[in-house]
Amino acid sequence: MSATADQSGQVEGTAGDPFARLDLGALVSGAARLRPERVAFHDVADSAQSFTFGQLEQRVGATAQAWRQLSLSAGERVLIVATASGSVLAGMLGAMRAGLDVALVGPHLGVTEIADFAAAIGAAAIAGEPACGDVDIGEAMFSAAARSERVRIVASLGRTSFDGAAPLDPMAEQIGGAAMAAPDASSHALLITRGIDGQSHFHRQRTIVASALDFVTRVQIGTQIPLVSAILPASFAGLVAGPAAALIAGAPLVLHAPFDARQLLTICEALRPVHLIAPVMLAEEFAASGLADPDVLASLVMLARYKHMPAEIPVEPPGGFLATELPVFDLYGIGEIAAIAERRLPSGARVAPLTAQHMLSLDGQDVLAARRKLHYLLTHGRLDTAIAIEGAAVSI
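With our numbering, letter number 298 in the sequence shown gets 310, and the count goes up by one each step, no holes.
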């Protein structure tokens with residue numbers, strides 16, 4: 013039986029659906045079986061915080077048990093402040109393995125925004141590292157928890173704890189060496205992201221996996237070349253082009269934040285060549301710095317966010333017209349529902365998202381990843397058209 017897309021653009025959950033049992037937990041376990049000794053996460057600042065796919069599987073399992081020991085039950089929700097650390101990555105994956113829905117926000121949000129989001133999704137716990145650069149995340153988490161009636165736990169992810177927080181360090185040796193005491197319950201866990209307008213967006217893991225597979229296929233990411241992302245995994249695009257893509261490809265992941273141009277250049281030079289994912293607003297700097305060099309980068313992917321599907325080809329930022337032998341891609345983050353990668357022309361010009369539909373081949377089946385869909389609207393007696401998108405890689 014072949015997979016088909018329903019009217020919402022999602023692939024139906026039939027026995028023939030190749031994405032039916034693909035979740036992030038399955039990707040972690042699969043990568044651990046296939047390449048246990050290969051580096052999964054590379055911490056440039058502290059090599060002791062790097063880990064292999066085999067170690068990731070152990071830590072995710074043990075962290076899932078740690079979440080359960082905090083009296084959190086499958087189906088409850090945790091809000092994680094996403095920073096560029098292996099502790100946060102393993103903490104997120106461990107929470108899902110425990111059957112918890114995971115909501116993600118960036119460290120730039122204020123106390124009121126975090127508290128409002130926690131209340132909106134009904135979070136039972138808030139977790140994160142104590143700080144990100146100069147931002148005091150610990151204080152913000154406690155203040156947000158005090159304003160959210162349902163939050164009963166504040167947890168500290170990582171080696172550095174803070175007063176009053178439940179310590180949960182996925183990188184600790186006792187965590188990494190522990191066995192998973194309960195079965196994987198992650199398949200139904202949801203990922204929740206926050207839109208620019210503050211709205212909550214709920215994602216099935218299979219949608220994230222389908223979008224990441226589309227991204228990996230189009231950018232041609234393999235197992236040997238590291239994936240360096242300056243986009244935190246706190247959004248649909250950040251998850252797809254970061255952790256999910258690295259797990260699918262079996263490639264080492266490097267997360268870079270807060271952004272530091274000099275440090276990013278050092279990372280790319282040290283690990284060359286790398287696949288680099290960065291905000292499109294830096295295109296001018298890339299063009300001027302010479303970083304867009306095939307000897308340093310295997311590809312350059314630039315993320316631009318749009319509230320809705322753009323009807324026309326977006327214009328390059330001033331000075332950001334990159335004409336290079338290097339494969340350059342635009343990653344179009346459409347709201348919090350899709351992340352569409354399109355390769356630029358050899359001249360450096362952009363290509364409109366989904367000029368041609370994106371298809372995936374999986375288990376001998378052809379699956380629609382994403383395509384444009386025109387909606388005809390009658391407004392004030394006038395017929396207008398709106399562009400929507402549908403497919404297995406599109407969240408609804």
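We put the CB at the ideal spot given by N, CA and C, even for glycine. Note that the structure is predicted; figures quoted are calculated from it, not measured.
- Proximity to Ser85 across Val100, Arg356, Met108 peaks at Met108, based on C-alpha coordinates.
- Nearest Cα to Ile408 within the set Asp226, Arg45, Ile220: Ile220.
- Between the alpha carbons of Ala224 and Arg216 lies a gap of roughly 13 Å.
- In the structure shown, the three-state DSSP call for Leu267 is strand.
- Inter-residue distance for Ala400 and Ser247 is about 20 Å (C-alpha atoms, whole angstroms).
- As a beta-bridge residue in DSSP terms, Gly140 pairs with Ser168.
- Remark: three or more beta-carbon pairs, one from each stretch, lie closer than 8 Å, so the segment 118-131 and the segment 196-211 are flagged as touching.
- Collapsing the DSSP output to three states places Gly345 in a strand.
- Within the same chain, and ignoring the five residues on either side of Ala381 in sequence, the residues whose Cβ sits closer than 7 Å to its Cβ are Ala222, Asp226, His370, Met371, Leu372, Gly403, Ala404, Ala405.
- Given a length threshold of 3 residues, each whole run of the beta strand (DSSP E) inside the segment 217-280 is given here in chain order: 239-241, 265-267.
- With a 10 Å radius around the Cβ and a threshold of 16 neighbouring Cβ atoms, Ser359 comes out exposed.
- The C-beta distance from Leu82 to Ala178 rounds to 6 Å, short enough to meet the 8 Å contact threshold.
- Where Val100 is concerned, the enclosing alpha helix (DSSP H) starts and stops at 98-109.
- The alpha-carbon separation between Ala143 and Pro365 amounts to approximately 37 Å.
- Uninterrupted beta strand (DSSP E) stretches at least 3 residues long and entirely within the segment 355-384 occur at 370-374, given in chain order.
- When Ala102, Asp58, Asp55 are compared, the shortest CA-CA separation from Gln77 is found for Ala102.
- Leaving aside the five residues that flank Ala263 on each side, the residues in its chain whose CB is nearer than 8 Å to its CB run, in chain order, Ile233, Gly234, Thr235, Gln236, Ile237, Pro238, Leu239, Ala257, His287.
- Residue pairing for Asp113: DSSP places it in a beta bridge opposite Arg89.
- In this structure Gly170 touches Ser97 by the C-beta definition: roughly 6 Å separates them, less than 8 Å.
- If you compare the alpha carbons of Val327, Pro119, Ala137 with that of Asp113, the shortest gap goes to Ala137.
- Looking only at Thr64, Arg218, Asp342, the smallest Cα-Cα distance to Pro30 is reached by Arg218.
- Taking a contact to require three or more Cβ pairs closer than 8 Å, the segment 306-314 and the segment 274-294 qualify as touching.
- Note that the C-beta distance between Val163 and Gly176 is not below 8 Å.
- Counting only unbroken stretches of 3 or more residues, the beta strand (DSSP E) elements lying wholly within the segment 277-308 are 286-291, in sequence order.
- Taking the Cα positions, His120 is about 8 Å away from Val147.
- Straight across, the Cα-Cα distance linking Ile325 with Arg362 is about 7 Å.
- With respect to the C-alpha of Glu354, the residue from Val51, Val228, Leu265, Phe174 having the closest C-alpha is Val228.
- The distance from the Cβ of Ala201 to that of Thr95 is about 21 Å, inconsistent with a contact at the 8 Å cut-off.
- Distances from the alpha-carbon of Leu267 to those of Val40, Ala44, Gln61 put Gln61 closest.
- Within the same chain, Leu101, Pro245, Leu265 come within 7 Å of Pro255 by CB-CB distance, once the 5 residues on both sides are set aside.
- It is roughly 33 Å from the alpha-carbon of Ser59 to the alpha-carbon of Glu348.
- Assignment of Asp58 by DSSP, reduced to helix, strand and coil, places it in the coil class.
- Boundaries of the beta strand (DSSP E) around Ala178: 178-180.
- For Glu402, the pairing in a beta bridge is given by DSSP as Arg383.
- The distance from the Cβ of Leu105 to that of Leu34 is about 14 Å, inconsistent with a contact at the 8 Å cut-off.
- The criterion of a C-beta distance shorter than 8 Å is not satisfied by Ala351 and Ala261.
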